[in-house]
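Q: Below is the structure I would like to discuss, written out as structure tokens.
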Amino acid sequence: MANREQEILRRRTFAIISHPDAGKTTLTEKLLLYGGAIHQAGSVKSRKAKTYAVSDWMEIEKQRGISVTSSVMNFDYDGYHINILDTPGHQDFSEDAYRTLVAADSAVMLLDGAKGVEEQTKKLFHVCKMRGIPIFTFVNKLDRVCKKPFDLLSELEQTLGINSYPVTWPVGVDGVFKGVYNRALKRLELFETGGDHGAQKLTSYTLELSDSKLKEIIGDEAYLALQEDISLLDEAGETFDMERILAGQLTPVFFGSAMTNFGVQQFLEDFIKMAPAPGNRNTDKGPVKPEDEGFSGFIFKIQANMDPKHRDRLAFIRICSGQYEKGMNVYNTRLGKQIRLAQPQQFLAQDRSAVEDACAGDIIGVFDSGIFHLGDTLCGEKEAFKFDPIPMFPAEHFAEVSAKDTNKRKQFQKGIEQLLVEGAIQVFKSNSYGVDKYIVGVAGALQLDVLSYRMLGEYGVEMRIEPLAFQYARWITPEDAEPELPQYFSETLRVTDHLNRPVVLFENQWVMQRAEEKNPKVKFLDIAP
Ligand code: G4P
Numbered sequence: 001m002a003n004r005e006q007e008i009l010r011r012r013t014f015a016i017i018s019h020p021d022a023g024k025t026t027l028t029e030k031l032l033l034y035g036g037a038i039h040q041a042g043s044v045k046s047r048k049a050k051t052y053a054v055s056d057w058m059e060i061e062k063q064r065g066i067s068v069t070s071s072v073m074n075f076d077y078d079g080y081h082i083n084i085l086d087t088p089g090h091q092d093f094s095e096d097a098y099r100t101l102v103a104a105d106s107a108v109m110l111l112d113g114a115k116g117v118e119e120q121t122k123k124l125f126h127v128c129k130m131r132g133i134p135i136f137t138f139v140n141k142l143d144r145v146c147k148k149p150f151d152l153l154s155e156l157e158q159t160l161g162i163n164s165y166p167v168t169w170p171v172g173v174d175g176v177f178k179g180v181y182n183r184a185l186k187r188l189e190l191f192e193t194g195g196d197h198g199a200q201k202l203t204s205y206t207l208e209l210s211d212s213k214l215k216e217i218i219g220d221e222a223y224l225a226l227q228e229d230i231s232l233l234d235e236a237g238e239t240f241d242m243e244r245i246l247a248g249q250l251t252p253v254f255f256g257s258a259m260t261n262f263g264v265q266q267f268l269e270d271f272i273k274m275a276p277a278p279g280n281r282n283t284d285k286g287p288v289k290p291e292d293e294g295f296s297g298f299i300f301k302i303q304a305n306m307d308p309k310h311r312d313r314l315a316f317i318r319i320c321s322g323q324y325e326k327g328m329n330v331y332n333t334r335l336g337k338q339i340r341l342a343q344p345q346q347f348l349a350q351d352r353s354a355v356e357d358a359c360a361g362d363i364i365g366v367f368d369s370g371i372f373h374l375g376d377t378l379c380g381e382k383e384a385f386k387f388d389p390i391p392m393f394p395a396e397h398f399a400e401v402s403a404k405d406t407n408k409r410k411q412f413q414k415g416i417e418q419l420l421v422e423g424a425i426q427v428f429k430s431n432s433y434g435v436d437k438y439i440v441g442v443a444g445a446l447q448l449d450v451l452s453y454r455m456l457g458e459y460g461v462e463m464r465i466e467p468l469a470f471q472y473a474r475w476i477t478p479e480d481a482e483p484e485l486p487q488y489f490s491e492t493l494r495v496t497d498h499l500n501r502p503v504v505l506f507e508n509q510w511v512m513q514r515a516e517e518k519n520p521k522v523k524f525l526d527i528a529p
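Going letter by letter, the sequence shown gives residues 1 to 529 in UniProt numbering.
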């Protein structure tokens, strides 16, 4: 790596957050297309299996072995090195989606222009906000009838509590748009129908708002609307403030259509300039700077291989400082020993390739026979430290689990423990009449099926999984608090997490609010530190 500091400055590591069907796969693909990482739309396989049954979905995963294609992708564009982290969605929504945000330096929030802010986006936004990472909004599907742009901006403010600065603005009227206009660059990009399902790039024009040619191109009505809108934005809208953007308080907004390409290139070009390069990361010994000499990183994702014939897993490392070099040893702080990073891989669209060198901001995947835990810090032995732990994010599906065959208790415990350290499940214990019961929590319901599938396949344990009606887990602080809970036993349950911290499970929001009202001195946290 010639000049490491320059290499770090050109890194952009981000995740796309969205609700299923907003167009994340399509946008990712178009970004890769512009970056030259792929040459045809349709190359990135979506992990979605809308029409499949769960068993089919798992069969697909199994056949694909470790499916890395959609986990992390990188490409170069205009001198920048871009790492896109995939946030699982659809049926496979899991805690990984939240954890990926811990490894990202910024997020692209993708909205369907006709639907606005949807449920899954809200949840992921909440995590970005908590981490204070910059959020860039792309309003998609503008080739269709969409909500009015000003309504979308108010929705961002009202639903998510974030102010916005439109960088591009739709050209058109009544939710029917012809293209987008870039306010700073004075660039018009027109939406052109036809073509090969949007597989080709579009051309654009640079025109002042006052240029009569602009009027000619877009027509009188659209021209008038654009003039009015832009002057309203200039006068009454937010001002562009890079500091607020980087602090995650102001989101730059772009409009476009991933499918037909329009607005995508404008977005990419502005986004890479505004988005931050890798920054400092906190540890128990103070911040680590990306340009620090020594190698450091943490494991933010462990991907299991669904194929029982190949037990190896992939552990994903976010590099935070120093440089990865082929064949290097690193110190695992939790284990207190040196580990050789086996066959590190980087991923380029559908291919993976051996990593030659990588620096802060990059993600590498290493084959793991089961030694890594989620959140493990890898660094130099002499100045060993630990990165801030990866929080536990809200699970929304809970089930009491046990082995059908009580003789398999040992394998059951081993399996549950292993899946816990991989981050596949959260594990809680409840004690009733002196008997410990295991309760698992997952972010997406499919994960419960994955649990039963993996326990049988990998540990030979047939599971009894009894879904519980709880939807919310809240960690209590201070930990020694004895909150008075609503007396509807079936609607709340006191449990402890794997670190023995007290947690209350709630069946619905109403009971949870009652509990909060009754215990004003107790904090009920949805994300455990
Ligand atoms: P996801 O990964 O966020 O779930 O979304 P994905 O990209 O798979 O897109 C979901 C659907 O929305 C797809 O249609 C896709 O073609 C469509 N889509 C994405 N971007 C745009 C856009 O800019 N405009 C319009 N009109 N549609 C868009 P599908 O019918 O589910 O699949 P397909 O048959 O098109 O592949």
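Every residue, glycine too, gets a C-beta built ideally from N, C-alpha and C.
#1: In its own chain, which residues sit with a C-beta less than 6 Å from the C-beta of residue 536, not counting the 5 before and 5 after it?
#2: Give a yes or no on whether the C-beta atoms belonging to R313 and V102 are separated by under 9 Å.
#3: Going by the C-beta, is M73 closer than 8 Å to any heavy atom of the ligand MN?
#4: Going by DSSP, what residues sit across from M109 in a beta bridge?
#5: Bridge partners of A399, per DSSP?
#6: Going straight from the alpha carbon of I364 to that of A358, what length do you get?
#7: List the endpoints of the continuous alpha helix (DSSP H) containing E189.
#8: Quick check on N3: does DSSP put it in helix, strand or coil?
#9: What are the uninterrupted segments assigned as alpha helix (DSSP H) that are 4 or more residues long and contained completely in the region 198-270, given in chain order?
#10: Judging by CA-CA distance, which residue of E293, N163, K289 and L153 is the nearest neighbour of D229?
#11: Compute the beta-carbon to beta-carbon distance between P529 and P391, rounded to the nearest angstrom, for a pair I have assumed lies under 8 Å.
#12: Buried or exposed for T283, going by 16 or more other Cβ atoms inside 10 Å?
#13: So, are the CB atoms of P252 and M274 less than 9 Å apart?
#14: Should T245 and P149 be called a contact, given that it needs their Cβ atoms to be closer than 9 Å?
#15: When DSSP labels each residue in this structure, what does H498 get in the three-state scheme?
#16: Could you tell me whether any Cβ in chain D is nearer than 9 Å to the Cβ of L9?
#17: Which complete beta strand (DSSP E) runs does the region 356-381 hold, if anything under 3 residues is left out?
#18: Go ahead and pull the three-state DSSP assignment for G423.
#19: Counting pairs of beta carbons, one from the region 320-339 and one from the region 113-124, are three or more of them closer than 8 Å?
#20: Closer than 8 Å to a non-hydrogen atom of the ligand G4P - does that hold for the CB of D21?
#21: If you drop the 5 nearest sequence neighbours on each side, which residues of the same chain put their C-beta closer than 7 Å to that of V127?
#22: For A277, which residues from the same chain have a beta carbon less than 8 Å from its beta carbon, with the 5 sequence-adjacent residues on both sides left out?
#23: State yes or no: is the C-beta of L27 nearer than 8 Å to some heavy atom of the ligand G4P?
#24: Closer than 8 Å to a non-hydrogen atom of the ligand G4P - does that hold for the CB of G256?
#25: Please indicate yes or no: does the CB of T87 lie closer than 8 Å to some heavy atom of the ligand G4P?
#26: What do you get for P467, buried or exposed, if any count of 16 or more other CB atoms within 10 angstroms of its CB means buried?
#27: Does the region 399-411 touch the region 70-79, meaning 3 or more C-beta pairs lie closer than 8 Å?
#28: In chain order, what residues of the same chain lie with their CB nearer than 7 Å to the CB of R409, ignoring the 5 residues before and after it?
#29: In terms of alpha-carbon separation, which member of S204, F177, Y165 and G179 lies closest to F240?
#30: Going by other Cβ atoms of all chains shown within 10 Å of its Cβ, with 16 needed for buried, is A236 buried or exposed?
#31: From P486 to T492, what does the alpha carbon distance come to, in whole angstroms?
#32: Straight-line CA distance for M259 to L156?
#33: Going straight from the alpha carbon of D174 to that of Y472, what length do you get?
#34: Taking just the CA atoms, how far does R281 sit from C320?
#35: What are the boundary residues of the beta strand (DSSP E) that includes A473?
#36: From the DSSP secondary-structure annotation, give me the bridge partner or partners of K337.
A: Concretely, from the data shown:
#1: No statement about residue 536 is possible, as the shown extent of the chain runs from 1 to 529 and does not include it.
#2: Locating residue 313 in the sequence shown gives position 313, where the first residue counts as 1. Locating residue 102 in the sequence shown gives position 102, where the first residue counts as 1. Going by C-beta atoms, R313 is not nearer than 9 Å to V102.
#3: The model depicted lacks the ligand MN and carries the ligand G4P instead.
#4: Here residue 109 refers to the residue found at position 109 of the sequence shown. Under DSSP, M109 shares a beta bridge with I17 and T137.
#5: What you label residue 399 is simply residue 399 of the sequence shown in a count that begins at 1. Residue pairing from DSSP places A399 in a beta bridge opposite V440 and P467.
#6: One-based indexing of the sequence shown puts residue 364 at position 364. One-based indexing of the sequence shown puts residue 358 at position 358. Distance between the alpha carbons of I364 and A358: 8 Å.
#7: Here the question's residue 189 lines up with position 189 in the sequence shown. No alpha helix (DSSP H) contains E189, which is instead part of the beta strand (DSSP E) from R187 to L190.
#8: Residue mapping note: residue 3 aligns to position 3 of the sequence shown, counting from 1. N3: coil per DSSP, three-state reduction.
#9: 212-218, 220-236 and 242-246
#10: Locating residue 229 in the sequence shown gives position 229, counting from the first residue. When only C-alpha atoms are compared, the closest one is L153.
#11: Along the sequence shown, read from residue 1 onward, the residue named residue 529 stands at position 529. Along the sequence shown, read from residue 1 onward, the residue named residue 391 stands at position 391. Cβ-Cβ separation between P529 and P391: approximately 6 Å, consistent with a contact (criterion under 8 Å).
#12: Against the sequence shown, residue 283 aligns to sequence position 283. The residue in question, T283, is buried, as its Cβ has 16 or more Cβ neighbours within 10 Å.
#13: Numbered from 1 along the sequence shown, position 252 holds the residue referred to as residue 252. Numbered from 1 along the sequence shown, position 274 holds the residue referred to as residue 274. Yes. Within cutoff.
#14: Position 245 of the sequence shown holds residue 245. Position 149 of the sequence shown holds residue 149. According to the sequence displayed, residue 245 carries Ile and not Thr. Going by C-beta atoms, I245 is not nearer than 9 Å to P149.
#15: Locating residue 498 in the sequence shown gives position 498, where the first residue counts as 1. Residue state, collapsed to three classes: coil.
#16: Considering every chain present, this structure includes no chain D. It has just one protein chain.
#17: 357-359, 363-368 and 377-379
#18: Stepping through the sequence shown from its first residue, residue 423 is reached at position 423. Here G423 sits in coil by DSSP.
#19: no
#20: The residue given as residue 21 occupies position 21 in the sequence shown. D21 Cβ: within cutoff of the ligand G4P.
#21: One-based indexing of the sequence shown puts residue 127 at position 127. Cβ neighbours of V127 beyond the five flanking positions: Y98, L101 and F393.
#22: Position 277 of the sequence shown, counting from 1, holds the residue named residue 277. Answer for A277: I8, L9, R10, R11, R12, D105, P290 and G361, listed in chain order.
#23: The sequence position of residue 27 within the sequence shown is 27, counting from 1. For the ligand G4P, at least one heavy atom lies less than 8 Å from the Cβ of L27.
#24: Residue numbering aside, residue 256 sits at position 256 when the sequence shown is read from its first letter. Yes; taking the cut-off as 8 Å, the Cβ of G256 has a heavy atom of the ligand G4P nearer than that.
#25: Here residue 87 refers to the residue found at position 87 of the sequence shown. Because no heavy atom of the ligand G4P lies under 8 Å away, the Cβ of T87 does not count as near it: no.
#26: As a position in the sequence shown, residue 467 is number 467, starting the count at 1. P467 is exposed by the Cβ-count criterion.
#27: no
#28: Residue numbering aside, residue 409 sits at position 409 when the sequence shown is read from its first letter. Same-chain partners within the cutoff: A403.
#29: Mapped onto the sequence shown, residue 240 falls at position 240. Minimum Cα distance to F240 is reached at Y165.
#30: As a working note, residue 236 is residue 236 in the sequence shown. Label assigned to A236: exposed.
#31: Position 486 of the sequence shown, counting from 1, holds the residue named residue 486. Position 492 of the sequence shown, counting from 1, holds the residue named residue 492. Cα to Cα, P486 sits roughly 8 Å from T492.
#32: The residue you call residue 259 lines up with position 259 of the sequence shown. The residue you call residue 156 lines up with position 156 of the sequence shown. Taking the straight line from one Cα to the other gives about 23 Å.
#33: As a working note, residue 174 is residue 174 in the sequence shown. As a working note, residue 472 is residue 472 in the sequence shown. Each residue's alpha carbon lies about 40 Å from the other.
#34: As a first step, residue 320 must be located in the sequence shown, where it is residue number 320. As a first step, residue 281 must be located in the sequence shown, where it is residue number 281. Straight-line Cα distance between these residues: approximately 7 Å.
#35: If you number the sequence shown from 1, residue 473 lands on position 473. From DSSP, the beta strand (DSSP E) with A473 extends over Y472 to T477.
#36: By 1-based counting over the sequence shown, the position of residue 337 is 337. Paired residue(s): N332.
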